[in-house]
Amino acid sequence: MNAHEAFVKEYGVEPAGLWAAPGRVNLIGEHTDYNDGFVLPFALPQRTVAAVGPAPDDSFTVCSTFETDKVTFGFDTQPGEVTGWAAYVAGIVWSLRDKGFEVPAVRIAIDSEVPLGSGLSSSAALESSVLTALIDLGGLDVPVEQRPVIAQRAENVYVGAPTGILDQSASIRCREGHALFLDCRSYEVEQIPFDLAGQGLAILVINSNAPHQHVDGEYGARRKSCEEAARILGVPALRDISGAELDDALARLDDDVMRRRVRHIVTEDDRVLETVTLLKAGQVREIGPLLTASHASMRDDFEITVPQVDIAVETALAVGAYGARMTGGGFGGCVLALIDADKADVVTAAVEEAYAEKGFTAPTAWTVTAGPGATKL
Ligand code: GAF
Numbered sequence: 001m002n003a004h005e006a007f008v009k010e011y012g013v014e015p016a017g018l019w020a021a022p023g024r025v026n027l028i029g030e031h032t033d034y035n036d037g038f039v040l041p042f043a044l045p046q047r048t049v050a051a052v053g054p055a056p057d058d059s060f061t062v063c064s065t066f067e068t069d070k071v072t073f074g075f076d077t078q079p080g081e082v083t084g085w086a087a088y089v090a091g092i093v094w095s096l097r098d099k100g101f102e103v104p105a106v107r108i109a110i111d112s113e114v115p116l117g118s119g120l121s122s123s124a125a126l127e128s129s130v131l132t133a134l135i136d137l138g139g140l141d142v143p144v145e146q147r148p149v150i151a152q153r154a155e156n157v158y159v160g161a162p163t164g165i166l167d168q169s170a171s172i173r174c175r176e177g178h179a180l181f182l183d184c185r186s187y188e189v190e191q192i193p194f195d196l197a198g199q200g201l202a203i204l205v206i207n208s209n210a211p212h213q214h215v216d217g218e219y220g221a222r223r224k225s226c227e228e229a230a231r232i233l234g235v236p237a238l239r240d241i242s243g244a245e246l247d248d249a250l251a252r253l254d255d256d257v258m259r260r261r262v263r264h265i266v267t268e269d270d271r272v273l274e275t276v277t278l279l280k281a282g283q284v285r286e287i288g289p290l291l292t293a294s295h296a297s298m299r300d301d302f303e304i305t306v307p308q309v310d311i312a313v314e315t316a317l318a319v320g321a322y323g324a325r326m327t328g329g330g331f332g333g334c335v336l337a338l339i340d341a342d343k344a345d346v347v348t349a350a351v352e353e354a355y356a357e358k359g360f361t362a363p364t365a366w367t368v369t370a371g372p373g374a375t376k377l
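First residue of the sequence shown: 1, per UniProt numbering; consecutive thereafter.
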């Protein structure tokens with residue numbers, strides 16, 4: 001059943017429309033967003049679809065194709081009231097109203113192709129589809145650069161996850177065939193053409209199927225450590241330390257763990273900038289070593305990888321990938337590998353074999369292209 005069918009089945013009328021928002025793959029720039037740094041995601045072709053129509057009263061109702069229960073809440077919903085997946089929906093209503101927008105009461109049915117809990121931003125896709133629907137239906141004047149901020153507040157304050165601006169920006173602002181170069185301080189973006197097929201290349205996404213969770217303290221701990229380091233170094237955010245200043249900055253920190261967290265962020269920002277330069281020059285294969293260096297930095301300095309993703313990266317490289325790295329918040333989730341387009345089966349089979357040898361749950365792999373951002377269908 002799709003979102004449209006679920007809406008008609010649940011509410012007995014046609015929806016006013018369908019709005020879709022994608023999950024994302026972050027090509028490079030991990031955990032740099034909450035350090036005011038740079039990221040380079042592209043939108044997945046997989047999307048979340050919200051079928052939405054006016055409510056007969058002053059309440060909001062949301063149902064989905066993946067849960068049996070429907071959830072109802074009012075205009076005055078407050079953080080903590082709705083929990084579980086529907087909290088992302090209630091959070092959008094709360095966040096828009098908190099910014100003074102008049103949100104129309106609606107009924108919603110959700111369907112999603114974005115794998116849940118895999119580091120591909122299924123939650124941002126949900127938030128962004130509902131946000132876009134409410135903006136359109138309410139005729140709300142919300143500038144595009146403010147939309148991710150509203151969705152991020154829903155997640156930070158209503159849901160209680162201390163995430164950055166990456167995922168919501170990707171889901172809302174990405175364009176088909178492009179990667180989104182985002183400055184997470186100014187919210188300025190540049191659309192970077194990202195046509196792999198033209199060069200005989202592909203991005204293979206390998207879902208490690210190791211559970212991905214970042215609300216569990218580790219994500220927050222990384223964020224706290226970065227903010228504390230910026231405070232000690234006397235800068236607004238780690239983005240303000242350049243690669244040339246890194247050694248001096250590290251020498252001023254006593255704590256070895258904090259030093260390694262800082263080194264990841266500063267070097268990762270530089271890798272994003274170098275990746276953008278290479279892509280603009282049409283040198284796509286050449287970004288491979290930057291992807292792999294990013295992974296090593298996440299594994300050794302930021303310590304957010306798990307054996308399943310490390311093995312997927314090592315195996316993909318061993319069978320010819322130009323570069324590979326974990327994508328997303330970490331502690332599980334997905335790996336992306338830059339490969340020759342005709343090597344997808346070979347790389348997938350090699351990773352499956354490596355997982356079987358280790359006794360890991362089998363991975364799932366598929367090639368992706370850069371899809372469009374949130375839109376009315
Ligand atoms: C998660 C967060 F939601 C993002 O804000 C970002 O920090 C990412 O992890 C790591 O780059 O997806």
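All C-beta atoms in this analysis are idealised placements derived from N, C-alpha and C, irrespective of residue type, glycine included.
Looking only at its own chain, which residues have a Cβ that is under 8 Å from the Cβ of P225, when we skip the five neighbours before and after it? Here residue 225 is Ser; the residue named in the question, Pro, does not match the sequence. Cβ within range, chain order: V257, M258, R261.
Between the beta-carbon of G373 and the beta-carbon of A151, is there less than 8 Å? For G373 and A151, no; Cβs fall outside 8 Å.
Assign I108 to one of three DSSP states: helix, strand, or coil. In the structure shown, I108 sits in a strand (DSSP, three-state: E or B).
My understanding is that V93 touches F66, with C-beta atoms under 8 Å, so please give their C-beta distance in whole angstroms. F66 and V93 do not touch by the CB rule: their CB atoms are close to 20 Å apart, not below 8 Å.
So, using beta-carbon positions, are L201 and N26 closer together than 8 Å? Going by C-beta atoms, L201 is not nearer than 8 Å to N26.
At 4 residues or longer, and completely inside the segment 74-159: list those alpha helix (DSSP H) runs for me, N to C. Listed in chain order, they are 87-98, 122-138, 147-153.
What do you reckon, is the C-beta of E30 under 7 Å from a heavy atom of ligand 1? Annotation for E30 indicates a beta carbon within 7 Å of some heavy atom of ligand 1.
P79: which of L279, G160, Q199 sits nearest, CA to CA? Comparing Cα positions, the closest option is G160.
What number of angstroms, rounded off, separates the C-alpha of R271 from the C-alpha of C63? In this model, R271 and C63 are separated by some 42 Å (Cα to Cα).
How big is the Cα-Cα spacing for V199 and L116? Before going on, a small fix: residue 199 reads as Gln here, not Val. If I take the Cα positions, the gap works out to 31 Å.
Taking Cβ to Cβ, would you say S129 is nearer than 8 Å to A21? Remark: C-beta atoms of S129 and A21 approach each other more closely than 8 Å.
Quick check on Q168: buried or exposed, where buried means 16 or more other Cβ atoms within 10 Å of its Cβ? Residue environment analysis places Q168 among the buried positions, since at least 16 neighbouring C-beta atoms fall within 10 angstroms of its C-beta.
Alpha carbon of T275 to alpha carbon of L290, nearest angstrom: In a straight line, the C-alpha of T275 is about 7 Å away from that of L290.
At a threshold of 7 Å, does G329 count as lining ligand 1 (C-beta to nearest heavy atom)? Answer for G329: yes, Cβ within range of ligand 1.
DSSP three-state assignment for D57, whether helix, strand or coil: D57 falls in the coil class under three-state DSSP.
Could you tell me which whole beta strand (DSSP E) segments of length 3 or greater appear in the UniProt domain "GHMP kinase C-terminal" (277-356)? If we require 3 residues or more, the beta strand (DSSP E) runs fully inside the UniProt domain "GHMP kinase C-terminal" (277-356) come out as 323-327, 334-340.
What is the DSSP secondary structure of H178, reduced to helix, strand or coil? If DSSP states are grouped into helix, strand and coil, H178 belongs with the strands.
Within 10 angstroms of its Cβ, does T277 collect 16 or more other Cβ (buried), or is it exposed? Here T277 is exposed: its Cβ has fewer than 16 other Cβ atoms, across all protein chains shown, within 10 Å.
State yes or no: is the C-beta of T48 nearer than 7 Å to some heavy atom of ligand 1? No, the beta carbon of T48 sits no closer than 7 Å to any heavy atom of ligand 1.
Buried versus exposed call for V13 [16 or more other C-beta atoms within 10 Å across all chains shown]: Classification of V13: exposed, given that the 10 Å Cβ count is below 16.
Express the C-alpha separation of L204 and Y88 in angstroms, rounding to a whole number. In a straight line, the C-alpha of Y88 is about 29 Å away from that of L204.
Nearest residue (CA-CA) to P143, options Y187, P162, L182: Ranking Y187, P162, L182 by Cα distance to P143 puts Y187 first.
If you check the beta carbons only, do P236 and D36 fall under 8 Å apart? Result yes, Cβ atoms of P236 and D36 sit closer than 8 Å.
So the beta strand (DSSP E) V205 belongs to, where does it begin and stop? Note, V205: beta strand (DSSP E), 201-207.
Distance, S294 Cα to D247 Cα: Distance between the alpha carbons of D247 and S294 is about 18 Å.
Would the segment 324-335 count as touching the segment 134-149 if we require 3 or more Cβ pairs under 8 Å? Touching, no.
When we look at the beta-carbon of T83 and count the other beta-carbons within 10 Å, is it buried (16 or more) or exposed? Exposed, because fewer than 16 other Cβ atoms sit within 10 Å of the Cβ of T83.
Taking the beta strand (DSSP E) that G17 belongs to, which residues open and close that run? Counted as a single uninterrupted DSSP element, the beta strand (DSSP E) harbouring G17 occupies residues 17-26.
Beta carbon of A229, beta carbon of L196: below 8 Å? Their beta carbons are not under 8 Å apart, which means A229 does not touch L196 by this criterion.
Do you know how far the Cα of E286 is from the Cα of V266? Just so you know, the alpha carbons of V266 and E286 end up roughly 21 Å apart.
Buried versus exposed call for A349 [16 or more other C-beta atoms within 10 Å across all chains shown]: A349 comes out exposed.
Return yes when the Cβ of L336 is within less than 8 Å of the Cβ of A179, no when it is not. Taking a C-beta distance under 8 Å as the contact criterion, A179 and L336 do not qualify as a contact pair.
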